[in-house]
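Numbering (my numbering), first residue to last: 4 to 143.
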């Protein structure tokens, strides 16, 4: 089964609209005194990513089609670029940009496998545009 990809017609999310929260993989046990005991609980935890986009009417229609048809109203997993790192330059520890044999800068390609999370897409009109916000569950 091929996973659907997030629509490329949509722009990058708002800079303050991309927020990643690590999933909880620890087990904590409170004692009678002192700090709680903490140990690893599970090997992988699902991270949560909050996303917010500004769309025009055409982009909004494309997003709606992606949500309704491609992901079966949010039930199926899909691929989305990791907007925190995807498209950034690959650099050395000294901050120099790495290049290929023809001096083209090397870019990071980072993709996440996600499901729509507990907060399903919500839409707010902003003038002639729409702000679409939702939370993704990043699959480990």
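A virtual CB, placed ideally from N, CA and C, is assigned to each residue, including glycine.
Which listed residue (the options) has its alpha carbon closest to that of residue i
i: residue 138; options: 6, 52 and 35; result: 52
i: residue 143; options: 38, 121 and 115; result: 115
i: residue 92; options: 80, 106 and 141; result: 106
i: residue 59; options: 141, 129 and 140; result: 129
i: residue 110; options: 13, 39 and 88; result: 88
i: residue 13; options: 22, 86 and 120; result: 86
i: residue 62; options: 94, 90, 77 and 16; result: 16
i: residue 23; options: 38, 54 and 113; result: 54
Inter-residue spacing [alpha-carbon to alpha-carbon] between residue i and residue j
i: residue 124; j: residue 56; result: 11 Å
i: residue 10; j: residue 108; result: 25 Å
i: residue 127; j: residue 84; result: 23 Å
i: residue 117; j: residue 94; result: 27 Å
i: residue 8; j: residue 35; result: 50 Å
i: residue 32; j: residue 38; result: 9 Å
i: residue 79; j: residue 113; result: 20 Å
i: residue 81; j: residue 71; result: 13 Å
Delimiting residues of the alpha helix (DSSP H) encompassing residue i
i: residue 66; result: 60 to 68
Endpoints, the beta strand (DSSP E) within which residue i is located
i: residue 119; result: 114 to 119
i: residue 136; result: 132 to 141
i: residue 144; result: With the chain covering 4 to 143 only, the question about residue 144 has no answer from this structure.
i: residue 3; result: There is no way to answer for residue 3, as the model of the chain reaches only from 4 to 143.
CB-CB length for residue i against residue j, believed under 8 Å
i: residue 141; j: residue 49; result: 6 Å
i: residue 119; j: residue 90; result: Wrong, their Cβ atoms sit about 23 Å apart, outside the cutoff.
The stretch 66 to 75 / the stretch 119 to 139 touching (three or more Cβ pairs under 8 Å) = yes
Count the C-beta pairs between the stretch 97 to 106 and the stretch 67 to 85 that are closer than 8 Å, then say yes if the count reaches three, no if not.
-> Counting Cβ pairs under 8 Å, fewer than three are found: no touch.
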